[in-house]
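This report concerns only the one structure given below.
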Amino acid sequence: MILKNKVAIVSGGTRGIGRGICLMLAQEGADVAFTYLKSVDEAASLKKEIEKSGVKALALQVDVRDFDKTKEAVENVKTTLGGLDIIVNNAGITRDKALMMMSKEDWQDVIDTNLTGTFNLSRNAIVAFLKQKSGNIVNITSVSGVIGLARQTNYASSKAGIIGFTKSLAREVSPYGIRVNAVAPGFIETDMVSDLKPEYKGQLIKNIPLERFGKVEDVTGVVKFLLSEASSFITGQVMIIDGGLSIR
Amino acid sequence: MENVENEIRGLIAEIIEKEPSEITPEAKFFEELGVDSMMALEILTAVEKKYKIVIPEEKLTQLTTLSDTVRVAKEYLEKKAV
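Chains A and B, in that order, are what the protein sequence lines are. Numbering follows the numbering used here, in which position 172 of the first sequence is assigned residue number 172; successive positions increment by one, without gaps. Throughout, the numbering used here is defined as the position within the second sequence, counted from one, plus 248.
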């Protein structure tokens, strides 16, 4: 176990990659707090599953778009779990549409959750990290933010924004022993991918050199690496986990 | 309590690497003394450690001069005493 006695918070923990990350953290010995917005039942079952690893779990129904509520959540984690060492900014939504069909709300919802949510959680924890002169932040961006994908101008912009955020913050806080990295998954088998049309899925796989969609474990393994001592000389980087989709 | 100003002046001088005499009560940290945001945080942390108090991070933006810092420190020292 590489994260014993650490405390982590994961935004958007109940489904897909976020859920996988919560379980990986628990297996590695960290106490895990996670936020969720609507999935009350999934949150309760995830909490139980985390606790099975013998660590503490804290489920927080918080909208990461809300700065003050996110601040309260961070304070709650520090009080209840006795500190904070790791942030995984994972909460993300899609509202895929061609730009000509995209409403102002489609744009704003995605930017507010994905990009502003990342700011809100990081901002509310960074002073504690600076004071303790340690901390590790992993942001979940997307291959869409690296190469751009059609019908995702909102999502790709939010994810490219997270990449800029990651690099800037990494430079800013590195003197304080804090590392900030990002992972950029491609198409991973989660609800986000199952929402895609079947004919579009077939077409997509043809463009992935490793000829498959990724598994949640393909992502959590890299997150684990970034949180481990093995990556202690890595900061401000974006690890692309896409089966080679972005090569060309 | 009278010593608080001198003690905090000493802490600040050490963090920002200036002579204590340069840190007058009203000298502006950012404009006149070359303090950056990270140094401001170090000042806050040093004051907390010295007096065993906790100053909320919202107060960070209020720490712009020695006299402001002393005022905030005294506020939380008094709260601690109650």
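Every residue gets a Cβ at the ideal spot worked out from N, C-alpha and C, and that includes glycine. Quick caveat, the model's predicted, so the values are computed rather than measured.
Which stretch, first to last residue, makes up the alpha helix (DSSP H) that contains residue i?
i               : result
I264 of chain B : 251-264
G221 of chain A : 216-227
Q132 of chain A : 117-132
M24 of chain A  : 16-27
R95 of chain A  : Counting along the chain, R95 of chain A falls outside any alpha helix (DSSP H), and DSSP gives it neither H nor E.
G177 of chain A : Looking at the DSSP string, G177 of chain A is not in any alpha helix (DSSP H), and its letter there is neither H nor E.
If you draw a straight line from the C-alpha of residue i to the C-alpha of residue j, how long is it?
i               : j               : result
V219 of chain A : L292 of chain B : 39 angstroms
V223 of chain A : L37 of chain A  : 23 angstroms
A26 of chain A  : S168 of chain A : 29 angstroms
I178 of chain A : T35 of chain A  : 22 angstroms
V146 of chain A : I163 of chain A : 8 angstroms
M192 of chain A : G221 of chain A : 20 angstroms
L227 of chain A : S269 of chain B : 45 angstroms
T317 of chain B : Q310 of chain B : 8 angstroms
L84 of chain A  : P198 of chain A : 42 angstroms
F277 of chain B : V252 of chain B : 18 angstroms
F67 of chain A  : L60 of chain A  : 14 angstroms
L325 of chain B : R257 of chain B : 17 angstroms
Q132 of chain A : E296 of chain B : 13 angstroms
L210 of chain A : K201 of chain A : 14 angstroms
E280 of chain B : T313 of chain B : 10 angstroms
E105 of chain A : Y176 of chain A : 38 angstroms
Given a cut-off of 8 angstroms, decide if residue j and residue i are closer than it, judged by their beta-carbon atoms.
i               : j               : result
I205 of chain A : N154 of chain A : no
N139 of chain A : F119 of chain A : no
G117 of chain A : S11 of chain A  : yes
L259 of chain B : A288 of chain B : no
I17 of chain A  : A33 of chain A  : no
A184 of chain A : I240 of chain A : yes
E262 of chain B : S315 of chain B : no
K78 of chain A  : A128 of chain A : yes
D242 of chain A : V180 of chain A : no
N114 of chain A : T70 of chain A  : no
I188 of chain A : G244 of chain A : no
What first and last residue would you give for the beta strand (DSSP E) that runs through residue i?
i               : result
Y36 of chain A  : 31-36
L84 of chain A  : Segment: none, L84 of chain A is in no beta strand (DSSP E) and carries neither H nor E.
M239 of chain A : 238-241
G135 of chain A : 135-140
A59 of chain A  : 57-61
Practice task
Say whether the region 21-31 of chain A touches the region 94-110 of chain A, bearing in mind that this needs 3 or more beta-carbon pairs closer than 8 angstroms, one atom from each stretch.
Solution key: no
Handout entry: Short-range partners of chain B found in the region 73-95 of chain A, where Cβ spacing is below 8 angstroms
Key = none
Handout entry: Inter-stretch contact (C-beta, 8 angstroms, three-pair minimum) for the region 77-95 of chain A and the region 41-51 of chain A
Key = no
Practice task
Could you tell me whether the region 231-246 of chain A touches the region 294-313 of chain B, using the rule of 3 or more Cβ pairs below 8 angstroms?
Solution key: no
Problem - Under 9 angstroms (Cβ pairs) to chain B, residues found in the region 129-149 of chain A - result: L130, K131
Exercise for the section: Could you please tell me which residues of the region 106-131 of chain A, in chain order, have their CB closer than 8 angstroms to any CB of chain B? Expected result: V127, L130, K131
Problem - Residues in the region 308-321 of chain B having any Cβ partner in chain A nearer than 8 angstroms - result: L308
Problem - the region 264-289 of chain B: positions lying closer than 8 angstroms to chain A by Cβ - result: Within the region 264-289 of chain B, contact with chain A at the beta-carbon level (separation under 8 angstroms) is assigned to M286, L289.
Practice task
With 8 angstroms as the limit, tell me which residues of the region 296-307 of chain B have their beta carbon closer than that to any beta carbon of chain A; keep them in chain order.
Solution key: E305
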